[in-house]
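The sequence shown maps to residues 2 to 413 in the working numbering.
The structure appears right after this line, and notes come after that.
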Amino acid sequence: MKGRSLAGWLDYIERQHSQPIALGLDRVAAVFAKLEATISCPLITVGGTNGKGSTCAMLEAILSSGGYRTGLYTSPHLVRYNERVRIGRTEVDDGTLCEAFAAVEEARGATPLTYFEFGTLAAFCVFSRANLDAVVLEVGLGGRLDAVNVLDSDCAVLTSVSIDHVEFLGATREAIGREKAGIFRPGKPAVVADPHPPVSVLESGADLLLLGRDFGFLPQGTQWAYWGPAGKRSGLAFPALRGAVQLRNASAALAALDALRNRLPIAMQDVRRGLGEVAVPGRFQVLPGRPQVVLDVAHNPEAASVLAANLGDSGFSPETIAVFGMLRDKDIAGVVRAVAPRITRWHLATLPGPRGADARLLSGILHQLKIELPVVEHQSVAEALAAARNEAAENDKIVVFGSFLTVAGAYG
């Protein structure tokens with residue numbers, strides 16, 4: 002194991018379990034106990050169908066602006082695995098990750114771990130050695146049985162509940178909400194930013210802070226105001242992340258910080274600076290240059306509806322050209338329906354891996370939905386994006402979306 006590169010470790014851990022996803026905490030908890038990786042600083046866990054990555058980034062940015070040494074764990078990554086583990090807004094280096102993977106390998110013995118479980122435990126190991134003031138964790142899938150949930154958070158955030166991952170979480174919002182509320186702890190604050198939370202969330206038994214009842218936001222022209230348990234913060238600039246939904250995510254982040262204000266007090270100037278500096282690749286990310294290229298990881302109907310609204314608010318373009326790729330186990334038709342009214346032509350990309358949908362499958366779904374616009378099939382995202390750039394005029398818009406893999410392919 003000594004001397005193994007990060008690429009070598011990632012290849013190794015991908016082969017240590019027979020299934021890519023195996024929900025359950027028993028194996029993770031057993032290995033974590035042997036790691037002796039103690040995290041004693043305030044811990045915020047963020048779950049939800051959509052918006053959790055943006056909310057995590059806002060928490061990290063605000064806390065860092067306040068002078069707190071903050072650890073952030075997110076998934077998946079777009080280009081480099083190091084994106085998943087950050088300290089002080091900086092990606093952890095290869096050597097630190099390799100040391101953590103080696104520690105997990107020694108602790109696990111013969112216990113099988115999935116890629117995500119192995120990486121989550123490695124992140125905990127990194128954070129336990131880093132003398133942190135705060136830690137922010139993004140749930141991978143669901144919540145109750147997700148590896149992140151082996152730690153008890155001081156505050157949990159639930160950004161939204163919608164239909165996704167039905168094979169693991171259930172086919173209704175009630176079932177999915179029950180799984181996601183599994184990150185809540187009795188007597189601990191739990192921020193719920195979904196405007197219409199399922200009953201299963203409301204009956205979770207945690208100390209709930211509900212959007213519209215306990216916290217919220219008010220647009221004020223070119224600024225906005227937040228109100229919550231610690232009072233009102235007015236005259237805030239809009240978050241650097243684009244889209245109206247980001248006010249909801251920002252409010253959830255501020256509600257969590259309100260709940261922890263005795264341990265992590267935050268000044269108004271730190272909120273302003275953090276929200277102004279926050280950045281998350283692949284969330285309505287606009288690349289410089291012409292034609293305009295927008296990257297968005299939207300991969301379920303709710304996220305696709307937000308993408309469509311953002312496209313509508315982003316100004317007129319003669320043509321809006323889609324570079325589209327998805328995983329075959331997602332609601333492809335639902336995503337297409339949500340975005341189709343904003344698209345004038347489609348370039349469909351086959352995604353790699355066993356879950357990647359073939360461009361011909363995507364084309365067939367568009368045909369079933371009676372989309373008669375120009376549709377071109379490609380073998381890769383890079384090929385599809387090159388074709389879209391070639392046909393786009395200077396004032397046109399290209400939107401690359403459908404999956405983290407689709408956006409990653411656009412980075413080259």
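The beta carbon of each residue, even a glycine, is placed where N, CA and C say it ideally should be.
**Item:** Terminal residues of the beta strand (DSSP E) in which glycine 9 lies
**Value:** Unbroken run through glycine 9 is the alpha helix (DSSP H), 7 to 14; no beta strand (DSSP E).
**Message:** Please give me, in chain order, every unbroken run of the alpha helix (DSSP H) with length at least 4 that falls completely inside the segment 171 to 216.
**Reply:** Listed in chain order, they are 174 to 181, 200 to 203.
**Request:** Use the C-beta contact count for histidine 368: other C-beta atoms within 10 angstroms, 16 or more gives buried, fewer gives exposed.
**Result:** Histidine 368 is exposed by the Cβ-count criterion.
**Message:** Rounded to whole angstroms, what is the Cα-Cα separation between alanine 299 and proline 113?
**Reply:** Per the coordinates, the alpha-carbon of alanine 299 lies some 31 Å from the alpha-carbon of proline 113.
**Request:** Look at cysteine 99 and arginine 16 and say whether their C-beta atoms are less than 8 Å apart.
**Result:** Their beta carbons are not under 8 Å apart, which means cysteine 99 does not touch arginine 16 by this criterion.
**Asked** Are there three or more Cβ pairs, one per stretch, closer than 8 Å when the segment 188 to 198 is compared with the segment 149 to 163?
**Response** Here the segment 188 to 198 lies against the segment 149 to 163, with 3 or more beta-carbon pairs under 8 Å apart.
**Three-pair Cβ contact test at 8 Å for the segment 120 to 133 versus the segment 34 to 45** = Yes, they touch.
**Prompt:** Going straight from the alpha carbon of histidine 18 to that of phenylalanine 405, what length do you get?
**Reply:** Each residue's alpha carbon lies about 23 Å from the other.
**Prompt:** What do you reckon, are the CB atoms on leucine 296 and alanine 148 nearer than 8 Å?
**Reply:** Their beta carbons are not under 8 Å apart, which means leucine 296 does not touch alanine 148 by this criterion.
**Asked** Mapping DSSP to helix, strand and coil, what is phenylalanine 317?
**Response** If DSSP states are grouped into helix, strand and coil, phenylalanine 317 belongs with coil.
**Request:** Could you tell me which residues DSSP puts in a beta bridge with lysine 398?
**Result:** According to DSSP, which records beta bridges pairwise, lysine 398 is partnered with Gln293, Thr321.
**phenylalanine 125 in three-state terms, based on DSSP** = Note: phenylalanine 125 maps to helix in three-state DSSP.
**Prompt:** In whole angstroms, what is the alpha-carbon distance linking proline 319 and aspartate 397?
**Reply:** Taking the CA atoms as reference points, proline 319 sits about 6 Å from aspartate 397.
**Request:** May I have the straight-line CA-CA distance separating threonine 345 from valine 324, to the nearest angstrom?
**Result:** C-alpha of threonine 345 to C-alpha of valine 324: approximately 11 Å in a straight line.
**Message:** Taking the straight line between their C-alpha atoms, what separation do you get for serine 205 and phenylalanine 185?
**Reply:** Cα to Cα, the separation comes out at about 7 Å.
**Request:** May I ask which residues mark the beginning and end of the alpha helix (DSSP H) holding isoleucine 63?
**Result:** Isoleucine 63 -> alpha helix (DSSP H) spans 53 to 66.
**Prompt:** Is the segment 157 to 175 touching the segment 116 to 129 in the sense that three or more CB pairs, one from each, lie closer than 8 Å?
**Reply:** The segment 157 to 175 and the segment 116 to 129 do not touch, with fewer than three beta-carbon pairs separated by less than 8 Å.
**Message:** So, under 8 Å CB-CB, phenylalanine 216 and leucine 210 are touching, yes? Tell me the CB distance rounded to an integer number of Å.
**Reply:** Correct: roughly 6 Å between the Cβ atoms.
**Item:** Beta-carbon spacing of alanine 350, alanine 385 below 8 Å
**Value:** Closer than 8 Å, so yes.
**Request:** Jot down the residue ranges of each uninterrupted beta strand (DSSP E) in the segment 214 to 298, minimum 3 residues, whole runs only, in chain order.
**Result:** Given a length threshold of 3 residues, each whole run of the beta strand (DSSP E) inside the segment 214 to 298 is given here in chain order: 217 to 221, 224 to 229, 232 to 238, 286 to 288, 293 to 297.
**Prompt:** Just how far apart, CA to CA, sit threonine 370 and valine 336?
**Reply:** Just to set this straight, residue 370 is leucine in the shown sequence, not threonine. Between the alpha carbons of leucine 370 and valine 336 lies a distance of about 11 Å.
**Item:** Spatial neighbours of leucine 219 in its chain, beta-carbon cut-off 6 Å, leaving aside the 5 residues before and after
**Value:** Ala226.
**Prompt:** Which word fits valine 307, buried or exposed, when buried means at least 16 other C-beta atoms lie within 10 angstroms of its C-beta?
**Reply:** Its Cβ being crowded by 16 or more others within 10 Å, valine 307 is buried.
**Request:** Drop a sphere of 10 angstroms on the beta-carbon of aspartate 12, count the other beta-carbons inside from all chains shown, and report buried for 16 or more, exposed for fewer.
**Result:** Exposed: under 16 other Cβ atoms inside 10 Å.
**Prompt:** What did DSSP end up calling glutamate 1 once you bin it into helix, strand or coil?
**Reply:** Summary: the structure shown does not reach residue 1, with the chain confined to residues 2 through 413, and so no result is reported for it.
**Message:** Rounded to the nearest angstrom, what separates glycine 178 and cysteine 57 at their Cα positions?
**Reply:** When only Cα atoms are considered, glycine 178 and cysteine 57 end up about 19 Å apart.
**Request:** Pull up the CB-CB distance for serine 364 and valine 376, whole angstroms please, since I reckon it's below 8 Å.
**Result:** The Cβ separation is near 6 Å, so the contact holds.
**Request:** Look up cysteine 156 in the DSSP assignment and give the residues it is bridged to.
**Result:** BP columns for cysteine 156 point to Ile45.
**Request:** Go ahead and label glutamine 380 buried or exposed: buried means 16 or more other beta carbons lie within 10 angstroms of its beta carbon, across all protein chains shown.
**Result:** Here glutamine 380 is exposed, its C-beta having fewer than 16 other C-beta atoms within 10 Å.
**Message:** Give the list of continuous alpha helix (DSSP H) stretches no shorter than 4 residues that lie fully inside the segment 86 to 118.
**Reply:** Listed in chain order, they are 95 to 109.
**Request:** Starting from the Cα of glutamate 168, find the closest Cα among Leu142, Gly283, Glu92 and give me that residue.
**Result:** For glutamate 168, the nearest C-alpha among the options comes from Leu142.
**Prompt:** DSSP three-state call for histidine 300: helix, strand or coil?
**Reply:** Here histidine 300 sits in coil by DSSP.
**Request:** Please report how far the alpha carbon of threonine 50 lies from the alpha carbon of glycine 413, in whole angstroms.
**Result:** Just so you know, the alpha carbons of threonine 50 and glycine 413 end up roughly 27 Å apart.
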